[in-house]
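Written out below as structure tokens is the structure these notes cover.
In full-length UniProt numbering, the protein residues as written are 1 to 184.
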């Protein structure tokens with residue numbers, strides 16, 4: 001059987017998985033997760049900086065994050081940036097730290113989040129489908145060039161489909177985990 005290098009295809013699958021993981025990390029559930037604040041930009045030292053460059057975010061309890069600024073003079077700027085990010089969270093400052101409190105999610109909001117998560121899942125699946133189609137075209141071209149036999153082509157098609165099925169299963173598992181997290 002002729003060899004086909006699936007590295008490019010597998011790289012695209014890995015990228016799709018990682019992208020979905022990052023997207024799901026930013027989806028707010030009923031629990032406090034530091035990743036939710038990853039997109040917050042703080043006006044500090046004359047420029048806009050990511051929150052994680054000016055402070056440390058830790059989990060205090062299931063619905064509260066504690067933000068500690070590396071420079072105490074930035075507390076007000078950090079609090080303003082979190083509020084301006086419009087994440088639907090409450091903030092309070094004790095002068096040295098900021099507590100970010102997450103309210104309970106309404107049933108309607110949970111349903112919206114599940115729908116959004118499902119949309120992200122479909123985007124990742126589309127990426128995998130496109131990568132599969134690209135790999136399949138390359139396999140077909142190699143057969144036309146004579147570097148692969150017809151049997152090799154169909155054998156590689158089966159291998160390709162197995163990889164796609166495994167990747168889709170992983171994505172579905174990630175979605176189900178996020179859905180459970182948002183529903184509890």
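For glycine and all other residues, C-beta sits at the position ideal for the given N, C-alpha and C.
Bear in mind the structure is a predicted one, so any value in this text is a computation, not a measurement.
Per the DSSP secondary-structure output, residue 98 pairs in a beta bridge with 67, 93. Under the 8 Å Cβ criterion, the region 151-169 does not count as touching the region 98-110, having fewer than three qualifying pairs.
Considered as a whole, the region 7-80 harbours 41-44, 47-50, 55-61, 64-69 as its complete beta strand (DSSP E) runs of no fewer than 3 residues, in chain order. The Cβ-Cβ distance between residue 71 and residue 54 falls below 8 Å. CA-to-CA, the gap between residue 97 and residue 9 works out to about 45 Å.
Note that the region 30-41 touches the region 60-77; at least 3 beta-carbon pairs, one per stretch, sit closer than 8 Å.
Per DSSP, the continuous alpha helix (DSSP H) segment holding residue 107 begins and ends at 107-145.
Secondary structure at residue 5: coil, using DSSP grouped into helix, strand and coil.
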